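Chains as they are written, first to last, in our numbering: chain R, 1 to 120; chain A, 1 to 120; chain F, 1 to 120; chain C, 1 to 120.
I have placed the structure first, in the form of structure tokens, so that the comments after it can refer back to it.
Protein chains: 4
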Amino acid sequence: MDFDNGLPIYIQILNLLKIKMATGEIKEGDKLPSVRDMATELKVNPNTISRSYTELEKEDLIYTQRGMGTFVTEDIEKLKALKKKMATKKIHKFILEMKELGFTKEELSRDILELKMEED
Amino acid sequence: MDFDNGLPIYIQILNLLKIKMATGEIKEGDKLPSVRDMATELKVNPNTISRSYTELEKEDLIYTQRGMGTFVTEDIEKLKALKKKMATKKIHKFILEMKELGFTKEELSRDILELKMEED
Amino acid sequence: MDFDNGLPIYIQILNLLKIKMATGEIKEGDKLPSVRDMATELKVNPNTISRSYTELEKEDLIYTQRGMGTFVTEDIEKLKALKKKMATKKIHKFILEMKELGFTKEELSRDILELKMEED
Amino acid sequence: MDFDNGLPIYIQILNLLKIKMATGEIKEGDKLPSVRDMATELKVNPNTISRSYTELEKEDLIYTQRGMGTFVTEDIEKLKALKKKMATKKIHKFILEMKELGFTKEELSRDILELKMEED
DNA sequence: GTGGTCTAGACCACA
DNA sequence: GTGGTCTAGACCACC
């Protein structure tokens with residue numbers, strides 16, 4: 001796992017966790033690794049992990065129990081909403097940017113399918 | 001024109017110019033506004049505009065003639081390539097991210113078309 | 001009963017007991033539930049209850065008889081004083097904070113009455 | 001200025017700034033001291049100030065201009081709303097807590113006025 | 001053991 | 001000069 005790109009490390013970790021929650025790789029109620037464990041595993045300072053967790057907690061996606069650890073929200077609806085929210089946000093942004101470049105949605109729809117052919 | 005979001009202002013301006021070049025709103029050989037003019041127009045520090053121009057010059061998309069000003073490249077192929085390059089880059093990034101969220105290209109292709117219906 | 005907010009759980013429980021003593025819901029000489037019973041009832045670690053009791057004992061509001069359990073003080077004056085102490089402390093803090101915000105006591109006195117109208 | 005009490009320093013500073021904004025001691029558009037300046041002035045680590053600023057920015061009460069500094073929101077309505085919000089929140093909390101102790105609003109209203117007599 | 005806070009000092013991008 | 005991020009290491013309260 002690299003953190004080369006320009007984004008802050010704590011954001012990259014936070015996004016990683018969000019994706020895992022959205023795809024169900026991490027489920028409701030699951031215990032997240034302790035701040036220290038995750039820090040050593042990712043070779044990052046504990047403060048950095050702590051910050052990722054704090055941000056996620058502000059979004060009500062995880063919660064902490066004092067002295068017990070950090071857990072994914074029990075509210076499965078939040079996790080479902082997360083996936084949908086992340087997806088539509090990305091799609092809208094994509095279409096907006098491509099429109100600026102002069103693409104219509106039909107072209108995009110077709111290009112994406114064709115791209116599939118090339119890559120597979 | 002706001003520069004509220006997280007991106008550096010010089011990047012936002014740079015992208016704006018790129019899009020104008022890609023869509024033909026600015027054509028090969030066109031003269032760009034002087035650093036100072038553009039700075040006052042966008043209410044931005046001249047250094048910021050200067051940096052945008054410098055970056056574009058590094059990409060051979062514009063060039064400066066001392067005492068004359070800054071101009072878009074005469075090489076029309078570069079501009080055509082620009083559009084294609086920007087588009088494919090965005091598309092690849094988009095598909096990659098959506099795959100992480102568990103979407104297939106077929107779903108994306110369909111979703112984009114459906115999205116069209118809702119919005120039009 | 002939730003313990004979501006920022007306050008330490010043992011403080012919340014301690015305050016709860018204090019209020020019950022101040023309002024007479026728990027009376028002088030009453031036996032308190034055992035640490036273990038209260039812990040299971042409130043779904044909390046026994047250590048936490050233990051700490052609440054210890055703190056109350058330091059304030060001479062309760063006492064323990066080895067092998068018998070934990071009891072509210074027999075000194076009825078202490079309980080009366082408790083109510084007054086808690087009240088004046090809260091009032092002073094409140095007025096201090098509201099003064100910082102630029103409110104006079106007259107305004108507060110009036111606002112509280114008006115607030116009553118709205119809520120009843 | 002002491003930071004003795006239990007609250008995190010960054011919260012205390014944050015609250016201080018809020019009060020100054022609510023009372024108009026700091027006005028819309030005002031430039032706040034730089035992170036470093038305020039840190040040396042309050043004899044606190046710059047990170048701590050930074051955190052206070054970050055939290056206030058999340059509440060849209062201040063904003064930062066890259067490389068320029070940190071400023072109070074231009075939106076005067078936000079500042080007015082702040083005062084009202086802080087006040088009602090404190091009042092409600094106060095009344096709630098006093099009700100638990102068995103006080104009616106009429107008693108509170110009277111007690112606050114009487115308290116005035118004592119203190120002046 | 002857990003997370004939360006704070007300090008000290010560093011580097012970076014931005015204007 | 002500005003704020004943003006990160007590391008290193010420490011202390012604390014809580015469970």
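We put the CB at the ideal spot given by N, CA and C, even for glycine.
Computed from a predicted model, the values in this text were never measured in an experiment.
Query	Result
Buried or exposed by the 16-neighbour rule on C-beta atoms within 10 Å, applied to E119(C)	Because E119(C) carries a pLDDT of 49, less than 50, the predicted location of this residue cannot be relied on, and the following value inherits that uncertainty. That one is exposed.
Three-way DSSP call (helix, strand, coil) for L7(R) in this model	coil
Among T23(F), L42(F), L108(F), nearest to T88(C) - alpha-carbon criterion	L108(F)
Three-state secondary structure assigned by DSSP to K20(F)	helix
Cβ-based burial, M68(A) [other Cβ within 10 Å; buried from 16]	exposed
Collapsed DSSP secondary structure at E119(C) in the structure displayed	With a pLDDT of 49 at E119(C), under the threshold of 50, the modelled position of this residue cannot be trusted, and the question is left open.
Which of helix, strand or coil DSSP assigns to I62(R)	strand
Where K43(F) sits in the DSSP three-state scheme	coil
K105(R) versus D75(A) - alpha carbon distance	29 Å
Beta-carbon neighbours of M21(A), restricted to chain R and to distances below 7 Å	The premise fails here: M21(A) is roughly 11 Å from chain R at the closest Cβ pair, so nothing lies under 7 Å.
Segment contact flag, the region 28-35 of chain R with the region 90-98 of chain A, C-beta cutoff 8 Å, min 3 pairs	no
Stretch pair the region 46-55 of chain C + the region 9-21 of chain C: three plus CB contacts closer than 8 Å	yes
Amino acids of chain C, ordered along the chain, whose beta-carbon sits closer than 7 Å to that of S109(F)	S109, I112, L113
Limits of the unbroken beta strand (DSSP E) element including F94(F)	Premise fails: F94(F) lies in the alpha helix (DSSP H), 76-100, not in any beta strand (DSSP E).
Contacting residues, own chain, Cβ-Cβ under 6 Å from E25(C) (five flanking each side not counted)	none
Status (buried if at least 16 other CB within 10 Å, exposed otherwise) for Q12(F)	buried
Beta-carbon neighbours of L101(A), restricted to chain R and to distances below 7 Å	I19, A22, T23, K83, M86, A87
Backbone secondary structure at K105(A) - three-state DSSP	helix
Within-8 Å CB hit, K80(C) to chain F	no
Y63(C) versus N45(F): straight-line alpha-carbon distance, rounded	43 Å
Per-residue contacts from K27(R) into chain A (C-beta, under 8 Å)	Within chain A, no residue comes near K27(R); the closest Cβ sits about 14 Å away, beyond 8 Å.
Within chain C, partners of I9(F) - CB distance below 7 Å	Neighbours of I9(F) on chain C: none; closest Cβ ~15 Å, over 7 Å.
Same chain, Cβ closer than 8 Å to T48(A), five either side skipped, listed in chain order	I9, Y10, I13, A39
Closest residue to H92(F) among G29(C), E114(C), K58(C) (Cα-Cα distance)	E114(C)
Pairwise C-alpha distance: K90(R) and M86(A)	17 Å
C-beta contact flag for A22(A) and L82(A) at 8 Å	yes
Given K43(R) as reference, the closest of L79(R), F103(R), K84(R), F3(R) once Cα atoms are compared	F3(R)
Helix, strand or coil at L32(R) [DSSP, three-state]	coil
G69(A) - containing beta strand (DSSP E), residue span	69-72
Spatial distance of D30(C) from F71(C) (CA atoms)	6 Å
Buried/exposed call for L79(A), threshold 16 Cβ in 10 Å	buried
Chain R contact residues for K43(A), given Cβ-Cβ distances below 9 Å	Neighbours of K43(A) on chain R: none; closest Cβ ~22 Å, over 9 Å.
Within chain F, partners of I76(C) - CB distance below 9 Å	Within chain F, no residue comes near I76(C); the closest Cβ sits about 16 Å away, beyond 9 Å.
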